[in-house]
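As structure tokens, the structure follows; a few thoughts come after it.
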Amino acid sequence: MDDTPLWMREQLHGDYAQAMRVDDVLYDSQTDHQRLRVIQNETFGRVLTLDDVVQVTERDNFIYHEMLTHVPIFAHGAATRICIVGGGDGGMAREALRHKTVKHVTMVEIDPGVVEFSKRYLPTISNGAFDDPRLDLVIADGADFMKTTTGDYDVIIVDSTDPIGPGEALYANTFYADARKALKDGGIIVTQNGVPFMQGDELTRTMRAFQALFADATCYLATVPSYAGGPMAFGWGTDSGARHTDVNTLQTRFCASGIRPQYYTAEVHKAAFALPGYIRKLIP
Ligand code: SAM
């Protein structure tokens, strides 16, 4: 019997790939939209891949989900209505719903297969979020949804795949303009913009669009081990001054929330907006 370990190769870039040892394949199927797999890896736990690109892992997803929810929600200070675009694994809803002050979360996911299968094979990621009565799950293309939504949300979180396949529509200027209309006054949009060292043009593209739309357009950073190549960038767009909320105010809001995350702190929040030179240069 051949007991050579099996490895999954993730070829995100022309000249660079990363590999993960596959200790077990728990699920493998083709949905109407993409190829969906769950593999087991000793370091990362269960790992969800879409078209062989790592989307989320059991062990390090807390960093990504905490930073895309708590940063805009604590900076806003009074967010009650949140919209998540994408987010099918339920991790973003899990973190947003930890805020008792959040009354409603709309999650717009294109692929019902991701939701159903995440509930079954990755239950620790959503951790009950799909059963929370404050969550409204809409199965639709996020770009179509935004066209018909106006002035409804305090925070919009774009938890999308990279700009290939169905995710492409969520990087278009028209989508960002529609999302701006869907924000209430003082609302904030945040987006996943990949790893700038590897995918700098992805960040530049979003930043160019945000600069035309928002008074404050920048990005902030966090390092997520399963996304290779350095820190990830999260786009930030708002007409408010929420980015400049001081650390003591953030700390007061954080303590009052009763949330005890694994990554987020008020200090990490402030520091995340400090950009190294090579990333600053990617913002036009
Ligand atoms: N953090 C991940 C990564 O590696 O980039 C992405 C998270 S995954 C939850 C992204 C989700 O966005 C997937 O469930 C995918 O089906 C969904 N998605 C992609 N395009 C979409 C669209 N146009 N509208 C709504 N959801 C979309």
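259 is the number that full-length UniProt numbering gives to position 259 of the sequence shown; each next residue is one higher, with no gaps.
For every residue, glycine included, the Cβ atom is placed at its ideal position computed from N, Cα and C.
I need the boundaries of the alpha helix (DSSP H) containing residue i, first residue and last residue.
| i | result |
| --- | --- |
| residue 48 | Not the alpha helix (DSSP H): residue 48 falls in the beta strand (DSSP E), residues 45-50. |
| residue 202 | 196-213 |
| residue 80 | No alpha helix (DSSP H) holds residue 80; DSSP gives it neither H nor E. |
| residue 102 | Per DSSP, residue 102 belongs to no alpha helix (DSSP H) and is neither H nor E. |
| residue 12 | Careful: residue 12 lies outside any alpha helix (DSSP H), inside the beta strand (DSSP E) at 6-13. |
| residue 91 | 91-96 |
| residue 69 | 61-76 |
| residue 124 | 123-126 |
Which two residues bound the contiguous beta strand (DSSP E) that contains residue i?
| i | result |
| --- | --- |
| residue 184 | 183-192 |
| residue 29 | 24-30 |
| residue 366 | The requested residue 366 is not part of the displayed model; the chain covers only 1 to 284. |
| residue 222 | 216-222 |
| residue 238 | 232-238 |
| residue 57 | 53-57 |
Assuming residue i and residue j make a contact with CB atoms under 8 Å, what is their CB distance in whole Å?
| i | j | result |
| --- | --- | --- |
| residue 124 | residue 58 | 6 Å |
| residue 173 | residue 235 | Going by Cβ atoms, the distance from residue 173 to residue 235 rounds to 13 Å, so no, they are not a contact pair. |
| residue 85 | residue 156 | 7 Å |
| residue 257 | residue 104 | So it is not a contact: roughly 17 Å between Cβ atoms. |
| residue 230 | residue 197 | 4 Å |
| residue 214 | residue 239 | 6 Å |
| residue 93 | residue 73 | About 13 Å; that fails the 8 Å criterion. |
Assign residue i to buried or exposed, taking buried as 16 or more other Cβ atoms, counted over all protein chains shown, within 10 Å of its Cβ.
| i | result |
| --- | --- |
| residue 76 | buried |
| residue 29 | exposed |
| residue 42 | exposed |
| residue 11 | exposed |
| residue 154 | buried |
| residue 181 | exposed |
| residue 128 | exposed |
| residue 15 | exposed |
| residue 280 | exposed |
| residue 241 | exposed |
| residue 244 | exposed |
| residue 167 | buried |
| residue 25 | exposed |
| residue 209 | buried |
Below 8 Å, can you find three or more Cβ-Cβ pairs linking the stretch 256-271 to the stretch 56-72?
Contact check between the stretch 256-271 and the stretch 56-72: three or more CB pairs, one atom from each, fall below 8 Å, which counts as touching.
Can you find at least 3 beta carbon pairs, one from the stretch 35-52 and one from the stretch 13-20, that sit closer than 8 Å?
They touch, by the three-pair rule.
Please give me, in chain order, every unbroken run of the beta strand (DSSP E) with length at least 3 that falls completely inside the stretch 128-173.
Segments of the beta strand (DSSP E) lying fully in the stretch 128-173: 135-139 and 153-159.
Which complete alpha helix (DSSP H) runs does the stretch 249-280 hold, if anything under 4 residues is left out?
Residue ranges of uninterrupted alpha helix (DSSP H) with 4 or more members, entirely inside the stretch 249-280 and ordered along the chain, are 266-271 and 277-280.
Does the stretch 170-190 come close enough to the stretch 122-138 to have 3 or more Cβ pairs within less than 8 Å?
No, the stretch 170-190 is not in contact with the stretch 122-138.
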